[in-house]
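Protein chains: 2
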Amino acid sequence: MSVTKILLDESEIPTHWYNVVADMPNPPAPYLGPDGKPVPPEAMAAIFPMPLLEQEMSSERWIKIPDEVREVYRLWRPSPLFRAHRLEAMLGTPAKIYYKYEGVSPAGSHKPNTAIPQAYYNKICGIKRLSTETGAGQWGCSLALAGSMFGLEVRVYMVKISYQQKPYRRSMMQTWGAEVLASPTNLTNAGRQILAQDPDNPGSLGIAISEAVEEAASRADTNYALGSVLNHVLLHQTVIGLETKKQLEKVGDYPDVIFAPCGGGSNVGGMMFPFVADKAAGKNIRLVPVEPTSCPTLTRGHYAYDYGDSVGLTPLMLMYTLGHDFMPPGIHAGGLRYHGDSALVSQLCKEGVLEALAVPQVATFKAGVLFAKAEGIVPAPESCHAACAAIDEALRCKATGESKTILFTLSGHGHFDMGAYDRYLSGELEDYDYPDEAIRAALDHLPKVG
Amino acid sequence: MSVTKILLDESEIPTHWYNVVADMPNPPAPYLGPDGKPVPPEAMAAIFPMPLLEQEMSSERWIKIPDEVREVYRLWRPSPLFRAHRLEAMLGTPAKIYYKYEGVSPAGSHKPNTAIPQAYYNKICGIKRLSTETGAGQWGCSLALAGSMFGLEVRVYMVKISYQQKPYRRSMMQTWGAEVLASPTNLTNAGRQILAQDPDNPGSLGIAISEAVEEAASRADTNYALGSVLNHVLLHQTVIGLETKKQLEKVGDYPDVIFAPCGGGSNVGGMMFPFVADKAAGKNIRLVPVEPTSCPTLTRGHYAYDYGDSVGLTPLMLMYTLGHDFMPPGIHAGGLRYHGDSALVSQLCKEGVLEALAVPQVATFKAGVLFAKAEGIVPAPESCHAACAAIDEALRCKATGESKTILFTLSGHGHFDMGAYDRYLSGELEDYDYPDEAIRAALDHLPKVG
Chain U
1395 MSVTKILLDE SEIPTHWYNV VADMPNPPAP YLGPDGKPVP PEAMAAIFPM
1445 PLLEQEMSSE RWIKIPDEVR EVYRLWRPSP LFRAHRLEAM LGTPAKIYYK
1495 YEGVSPAGSH KPNTAIPQAY YNKICGIKRL STETGAGQWG CSLALAGSMF
1545 GLEVRVYMVK ISYQQKPYRR SMMQTWGAEV LASPTNLTNA GRQILAQDPD
1595 NPGSLGIAIS EAVEEAASRA DTNYALGSVL NHVLLHQTVI GLETKKQLEK
1645 VGDYPDVIFA PCGGGSNVGG MMFPFVADKA AGKNIRLVPV EPTSCPTLTR
1695 GHYAYDYGDS VGLTPLMLMY TLGHDFMPPG IHAGGLRYHG DSALVSQLCK
1745 EGVLEALAVP QVATFKAGVL FAKAEGIVPA PESCHAACAA IDEALRCKAT
1795 GESKTILFTL SGHGHFDMGA YDRYLSGELE DYDYPDEAIR AALDHLPKVG
Chain G
1395 MSVTKILLDE SEIPTHWYNV VADMPNPPAP YLGPDGKPVP PEAMAAIFPM
1445 PLLEQEMSSE RWIKIPDEVR EVYRLWRPSP LFRAHRLEAM LGTPAKIYYK
1495 YEGVSPAGSH KPNTAIPQAY YNKICGIKRL STETGAGQWG CSLALAGSMF
1545 GLEVRVYMVK ISYQQKPYRR SMMQTWGAEV LASPTNLTNA GRQILAQDPD
1595 NPGSLGIAIS EAVEEAASRA DTNYALGSVL NHVLLHQTVI GLETKKQLEK
1645 VGDYPDVIFA PCGGGSNVGG MMFPFVADKA AGKNIRLVPV EPTSCPTLTR
1695 GHYAYDYGDS VGLTPLMLMY TLGHDFMPPG IHAGGLRYHG DSALVSQLCK
1745 EGVLEALAVP QVATFKAGVL FAKAEGIVPA PESCHAACAA IDEALRCKAT
1795 GESKTILFTL SGHGHFDMGA YDRYLSGELE DYDYPDEAIR AALDHLPKVG
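As you go down the protein sequences, you meet chains U and G in turn.
What the first sequence shows, in this note's numbering, is residues 1395 to 1844, in sequence order.
What the second sequence shows, in this note's numbering, is residues 1395 to 1844, in sequence order.
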């Protein structure tokens, strides 16, 4: 049997992040203000440090990873690339299946890849505190970890209902020294307004973002950090794809198709952007973001200018969107419940470089259980989306006899999601779908530009 | 900075397990029946396959690891050895600290190192089903994983109170396809007897063992599997120490002292036994099992023949024991709540090869939080015991200026133990201690031999 885990030495951690802007067919559409004019980086300097804003706007192909960031990456990177021998055998497919496992980070997902550099750049710019929001706690954990690595205070506004119902990720953030508050709080105007109207408000990601941004904007020692969507976030995640390319080279292979789960786009950017240049150069490779049918942004959304958050605080971004007030159902892949998508991922979909796919919830858990029985690792619900698409592709290969090379991102483990598996195993999970009219109606809610 | 993660290629997974019996100062004391006569292996053949019973009694120094077992080990082994640069810096110690991280297994601890070969040997002996018991679920998960790898049915008797209060490890076992029952059940005589007296009995590890053993003894297609204490279990775990020796060789280092958490002894045997021969050959190395002060088997127990289980089903083993009916308090390091200890570990302690240490619960969580802030990984409560001892030793080195090389086993992650961290962080945890009279009283409960 050929190798199972393709490892790299820590000296092989990439030295530079890859900026896909340099290889896109067209330059990215600018962020706009409500007046229709491009938003300059300085307009966001109250909440982000300049090095991150420069990365946000950069078109340089390679951006150096600071040594201090690579030092912390060494705690878990390079992450392993697995050849899924046992899954292939279980499926009886002639296809080769590889998965890149990001669950080896201390926080259990790919999110620390950007939390660490974000904390670092804030630190060197003299910032003492970071504020952020979290739903179930995946991103909050990653930023708490990053804060502990660079000696920054971290305050996390955690959606109150998750704070109460999912205490374990809260405990993990606190273990790393972060302060975790149940949002809405009475510490911000945004929170106080909500509580005045409804003292028992269970919170939402939109409210928590408003609180975290308000705090960052109003305190000189404090900045805000975001875990997906923005260009600099996707840039930091490209260590995933860059390592994967090296690992596949070691075994003399190259993917015919890549799947990654897609919510805000940081998994997709992280794994797929380093392959975009190859595709532009003529490589025959399919790059497939996988989203839930219950939140079908790329597959059924509109390509239009919209807000990145649900309350309209951010600049307008040209992206696929279901409308910034779209409220997806409470599926267990919480990281994929986002009304919009990264502007870069959206534009590459629009231009046909990426081709999105939507899969229903129950099928993703079926795939997750199959994967766990074959390969051992219990995947996060988000990761189950990519596993599901990869398994379907492998079964198509079985039908056609093709021995394609399939690659997917196993973005995290499911250790904090066993309640979701429980519901799947006891037959309580359901799928959601939307009538076309509901999708079309979202058009009425898109903001007017200019 | 020198290397952080010392990795081995999967071709460097050990080819043989190491049997410490070959290098012990004296041969191990035999297992005895209540009549005082040695128990022959065949007496246990109703519940264990012969290859495991042969290993249990073997004095061969090296025992070949089957290729089929090494194939499955490749899913996560060799596990990484970390140099704890960040922890050293945080402590300001001149000592070098290394930790071997076993939490990378799909089940999250070192337990699959033995679950996998146990499932394999049962499979090749024609067994179709395995039964076992589990408390919080760590061992049950490992055997469920092993069953899924070799196509064996697994039934886990899970202590009812844990089944109800800690559902997530139950879900994990079910995800891997195991059947999980809340013990006591009405499927066994043992369970029925308990339920007849007390229908609301919350269960105990002793009852669950009785149920699992009864099932295995009464069905020809079913065997029993145990996760610690026995010689063959410790044998399988020696992959930990064997890999660690190779990893330290790569960086030209050798430990002055090794710490491992000690409950039934499988961590201690796994890491330390491969160093026992070096010590016998004159190497100056301290080998220190670390147990909780609330269950001070090695540090305050009696060295005597006692039962391995709480109800008296097993042969009598010469070991340190607090008496087989000793009920330790409900500390969070559930894996260390065992009244006795491996006979091999006990004998090596008695002979001065190992020197045991006990640490109190609150100090272990303090060490766990410090470790998480420095190194990222949140340790299991059991692992916190070894981390605590290693940190104390490093601080002693700081006081004396010695640059010792300290090694410890980080046997698992704490992802399913965040409730315990929560209690620590909110100041609710407490320590337990025993008056000498209570320890002496246990003598009255030791079984009469012969």
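Backbone N, C-alpha and C fix where the C-beta goes; we use that ideal spot for every residue, glycine too.
Counted as a single uninterrupted DSSP element, the beta strand (DSSP E) harbouring Asp1700 (chain G) occupies residues 1696-1701. Per DSSP, reduced to three states, the secondary structure at Phe1810 (chain U) is coil, with no helix or strand assignment. Distance between Glu1824 (chain G) and Ile1555 (chain G), taken at the CA atoms: about 21 Å. Residue contact with chain U for Ile1491 (chain G): absent (no Cβ-Cβ distance below 9 Å to any residue of chain U). Beta-carbon to beta-carbon, Ser1473 (chain G) and Val1415 (chain G) are separated by about 25 Å, too far to satisfy the 8 Å threshold.
Contact annotation for Asp1816 (chain G) against chain U: Pro1561, Ser1565 [CB-CB distance below 7 Å, chain order]. Within chain U, the residues whose beta carbon sits less than 7 Å from that of Lys1767 (chain G) are Ser1542, Trp1570, Gly1571, listed in sequence order. Using a Cβ distance threshold of 9 Å, Asn1661 (chain G) and Ile1679 (chain G) do not count as a contacting pair. Remark: three or more beta-carbon pairs, one from each stretch, lie closer than 8 Å, so the region 1510-1519 of chain G and the region 1614-1630 of chain G are flagged as touching. Around the CB of Thr1409 (chain U), fewer than 16 other CB atoms lie within 10 Å, so the residue is classed as exposed. Burial check for Gln1591 (chain U): the Cβ neighbour count within 10 Å stays below 16, so the residue is exposed. Within the region 1717-1778 of chain U, the complete beta strand (DSSP E) segments of 3 residues or longer fall at 1751-1753, listed in chain order. The continuous stretches of beta strand (DSSP E) do not include Leu1628 (chain G), which lies in the alpha helix (DSSP H) extending over residues 1625-1631. DSSP links Arg1680 (chain G) through a beta bridge to G:Val1651. In the DSSP assignment, Met1713 (chain G) falls within the unbroken beta strand (DSSP E) covering 1710-1715. By the rule that beta-carbons nearer than 9 Å mark a contact, Ala1501 (chain U) touches chain G. Residues Ser1556, Lys1560, Gly1728 of the same chain have their beta carbon placed closer than 6 Å to that of Ala1530 (chain U), with the five preceding and five following residues left out of the count. Neighbours of Thr1398 (chain U) in chain G, taken as residues at a C-beta separation under 7 Å, are given in chain order as Glu1404, Arg1468, Leu1469.
Counting along the chain, no beta strand (DSSP E) covers Ser1598 (chain G), and no H or E run does either.
Within chain G, no residue has its beta carbon less than 9 Å from that of Ile1634 (chain U); the closest one is some 18 Å off.
Membership of Ile1491 (chain G) in the beta strand (DSSP E) is indicated by the continuous run 1490-1495. Distances from the CA of Asp1647 (chain U) to each of U:Ala1835, U:Glu1822, U:Ser1797, U:Ser1405 were compared; the closest alpha carbon is that of U:Ser1797. In this structure, the beta-carbon distance from Thr1799 (chain G) to Lys1505 (chain G) does not fall below 9 Å.
Leu1716 (chain G) and Gly1702 (chain G) have their alpha carbons spaced roughly 11 Å apart. By the neighbour-count criterion, in which a residue is buried when 16 or more other Cβ atoms sit within 10 angstroms of its Cβ, Ile1518 (chain G) is exposed. Nearest CB-CB separation between Ile1771 (chain G) and chain U: below the 9 Å threshold. In the structure shown, Ala1416 (chain G) falls within a helical segment according to DSSP collapsed to helix, strand and coil.
For Gln1641 (chain U), same chain residues with a beta-carbon under 7 Å away, outside a window of 5 residues either side, are Ile1400, Leu1402, Leu1475 in chain order. Beta-bridge partners of Trp1456 (chain U) (DSSP): U:Tyr1412. Interface with chain G (9 Å Cβ-Cβ cutoff): Glu1465 (chain U) is included. Contact annotation: the region 1766-1774 of chain G touches the region 1563-1582 of chain U, with at least three C-beta pairs closer than 8 Å. In terms of Cβ geometry, Ser1704 (chain G) and His1718 (chain G) form a close pair [threshold 9 Å].
Listed in chain order, the non-local C-beta contacts of Lys1792 (chain U) below 8 Å within the same chain comprise Leu1485, Gly1486, Thr1487, Pro1488, Ala1489, local neighbours out to five positions each way being set aside. Annotation: Pro1649 (chain G) to Thr1508 (chain G) spans about 25 Å, alpha carbon to alpha carbon. The Cβ atoms of Glu1605 (chain U) and Ser1536 (chain U) lie no closer than 9 Å to each other. DSSP places Ala1483 (chain G) inside the alpha helix (DSSP H), whose first and last residues are 1479-1485.
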